[in-house]
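J.:
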Amino acid sequence: MSGKPKMLSWSDFPPDFVVWKLNPTGCKLTTKELAPGVYALLSSIPGVDNVGFVVGKKGVLVIDAHISVAMARQIQERIREVTDKPILYLVNSNYHADHVFGNCAFPRETVLIQHRETAARTPYFKEEWEFMLPAVANDPKIFEGASCRAPDIVFDGHLSIDLGSIAVETHWFGPANTPGDTVTYVPGARTAWVGNMTTGTFGLCLESDAPAYMATIARLMERLVIDTVVPAHAPIHGPGVFGDNLRYFGNLATQVKRALQEGWSLEETMKRTPLDDAYRLPDADPRSVFTNGRHSYNVRRTYNSLKEG
Ligand SMILES: [Zn+2]
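In my numbering, the protein residues as written are 143 to 451.
(1) Within its chain, find whatever has a CB closer than 6 Å to the CB of Ala395; leave out the 5 residues flanking it on each side and keep chain order.
(2) Does Glu410 pass the burial test, meaning 16 or more other C-beta atoms within 10 Å, or should it be called exposed?
(3) Between which two residues does the alpha helix (DSSP H) containing Val190 stretch?
(4) Can you give me the Cβ contacts of Tyr439 inside the same chain, cut-off strictly under 7 Å, excluding the 5 residues immediately before and after it?
(5) Which residue from Ala360, Thr173, Met149, Lys148 puts its Cα closest to that of Val372?
(6) Suppose contacts are defined by Cβ-Cβ distances below 9 Å. Is Asn393 in contact with Tyr355 by that definition?
(7) With distances taken from CA atoms, which of Ala426, Val431, Glu404 is nearest Leu417?
(8) According to DSSP, simplified to helix, strand and coil, what is His241?
(9) In the DSSP assignment, the alpha helix (DSSP H) including Tyr266 goes from what residue to what residue?
(10) What three-state label does DSSP hand Trp335 in the structure shown?
(11) Cα separation between Asp294 and Ile255?
(12) Quick check for students: name the residue ranges of the beta strand (DSSP E) that lie wholly in the region 353-423, counting only runs of 3 or more.
(13) If you count every other CB in all the chains shown that lies within 10 Å of the CB of Thr433, and 16 or more means buried, which is it?
(14) Determine, using beta-carbon pairs with one atom in the region 175-182 and one in the region 279-298, whether at least three such pairs fall under 8 Å.
(15) Who does Thr320 pair with in a DSSP beta bridge?
(16) Cα-Cα, which of Asp323, Val328, Thr320 is closest to Ser302?
(17) Could you say which of Pro249, His257, Asp240, Cys246 lies nearest to Phe273 if we only look at CA atoms?
(18) Could you tell me the alpha carbon to alpha carbon distance between Gly380 and Ala374, rounded to whole angstroms?
(19) In terms of residue numbering, what span does the alpha helix (DSSP H) encompassing Thr260 cover?
(20) For His300, which residues does DSSP report across the bridge?
(21) With a threshold of 8 Å, establish whether the CB of Asn338 neighbours any heavy atom of ligand 1.
(22) Starting from Ala214, trace the beta strand (DSSP E) in both directions and tell me its first and last residue.
(23) Going by the beta-carbon positions, is the gap between Ala214 and Gly244 smaller than 9 Å?
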């Protein structure tokens, strides 16, 4: 690994960006069987992480460790209500606290799987701790007992895991929300956990840009046949969300490229590239407060990225 990767800082965010609400206090995970042996664990608090697990003859694979030791324990309690088989594998969808801080609360024998780009960032635990504190209402107690756990398997493109009677795959199609966004796919159930890649509406190109996001989504659509999508921060949805993202980021890329050709400043571009009404959520939707700021971030990130070339 060569050098420290660039970590996010709140100064990278536009003023109208609303910080994620990831505080798990009071969160109850509900087990939803999607297919035989395939389970989503859905959060009772909107926006707080959904996770999941797959049970085969040999044992269990878990998708994401959640944000705290307490939540990681709750995941294991839910699993024990279904099976007493060993937890063989744990996959992290990305390097953010809400996906990895629970890693340390899984058994030592559980094999932790991360993409290379995720593995490059998880060692910077203290930075991530500080960055994510506002997302848990600045309550450091939430992160108590959490520590960095090194992966046992680091993959680049994809990985196939035989749980006995059921196969699970992990895939990396390129950067979208984070550089190491990992899709955990159960081909037999046409089900995919996509972490932060989809949000039910349009995504956030937190560490990529509009053209990169589109390329990643396009590769995913080409390679996987998906009926059911389990996003980390939105209700379960169908595969139509991928096309929605292609359209959204396609329009955004076109608008930003035109702005650069016209020589508009960043401020002017942001003002002249409002969120299309088609993507606005009704005010009653708890996610609606996040959409405007997310769009501003996407415009700004894409503008800066394409300007640098
Ligand atoms: Zn997340």
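Using N, Cα and C, we set each Cβ at its ideal position, and we do this for glycine too.
T.: According to the data block:
(1) What you label residue 395 is simply residue 253 of the sequence shown in a count that begins at 1. The answer, listed in chain order, is Ala352, Pro353.
(2) Numbered from 1 along the sequence shown, position 268 holds the residue referred to as residue 410. Exposed, because fewer than 16 other Cβ atoms sit within 10 Å of the Cβ of Glu410.
(3) Along the sequence shown, one-based indexing puts residue 190 at 48. First-last for Val190: undefined, no H or E at that position.
(4) The residue you call residue 439 lines up with position 297 of the sequence shown. Around Tyr439: Phe155, Pro156, Phe159, Leu346.
(5) Residue 372 sits at position 230 when you count from the first residue of the sequence shown. Per the Cα distances, Thr173.
(6) On the sequence shown, position 251 is the one that residue 393 refers to. On the sequence shown, position 213 is the one that residue 355 refers to. No, the pair does not count as a contact, with Cβ atoms beyond the cut-off.
(7) Here the question's residue 417 lines up with position 275 in the sequence shown. When only C-alpha atoms are compared, the closest one is Val431.
(8) In the sequence shown, residue 241 corresponds to position 99, counting from 1. Helix at His241.
(9) Numbered from its first residue, the sequence shown carries residue 266 at position 124. Neither: Tyr266 is in no alpha helix (DSSP H) and is coded neither H nor E.
(10) In the sequence shown, counting from the first residue as 1, residue 335 sits at position 193. In this structure, Trp335 counts as strand in the three-state DSSP scheme.
(11) Within the sequence shown, the letter at position 152 stands for residue 294. Within the sequence shown, the letter at position 113 stands for residue 255. Roughly 6 Å separates the two Cα atoms.
(12) 370-373
(13) If you number the sequence shown from 1, residue 433 lands on position 291. Buried: at least 16 other Cβ atoms inside 10 Å.
(14) no
(15) For the purposes of this step, residue 320 is taken as residue 178 along the sequence shown, with counting starting at 1. The partner list for Thr320 (beta bridge, DSSP) is empty, contrary to what the question assumes.
(16) One-based indexing of the sequence shown puts residue 302 at position 160. Nearest of Asp323, Val328, Thr320 to Ser302, Cα basis: Val328.
(17) Indexing the sequence shown from 1 puts residue 273 at position 131. Nearest of Pro249, His257, Asp240, Cys246 to Phe273, Cα basis: Asp240.
(18) Within the sequence shown, residue 380 is the residue found at index 238, counting from 1. Within the sequence shown, residue 374 is the residue found at index 232, counting from 1. About 14 Å.
(19) For the purposes of this step, residue 260 is taken as residue 118 along the sequence shown, with counting starting at 1. Start and end: 258-261.
(20) The residue you call residue 300 lines up with position 158 of the sequence shown. Answer by DSSP bridge pairing, in chain order: His313.
(21) Start at 1 with the first residue of the sequence shown, and residue 338 comes out as number 196. Checking the Cβ of Asn338 against ligand 1 gives yes.
(22) Your numbering for residue 214 matches position 72 in the sequence shown. Per DSSP, Ala214 belongs to no beta strand (DSSP E); it is in the alpha helix (DSSP H), 211-222.
(23) The residue given as residue 214 occupies position 72 in the sequence shown. The residue given as residue 244 occupies position 102 in the sequence shown. Going by C-beta atoms, Ala214 is nearer than 9 Å to Gly244.
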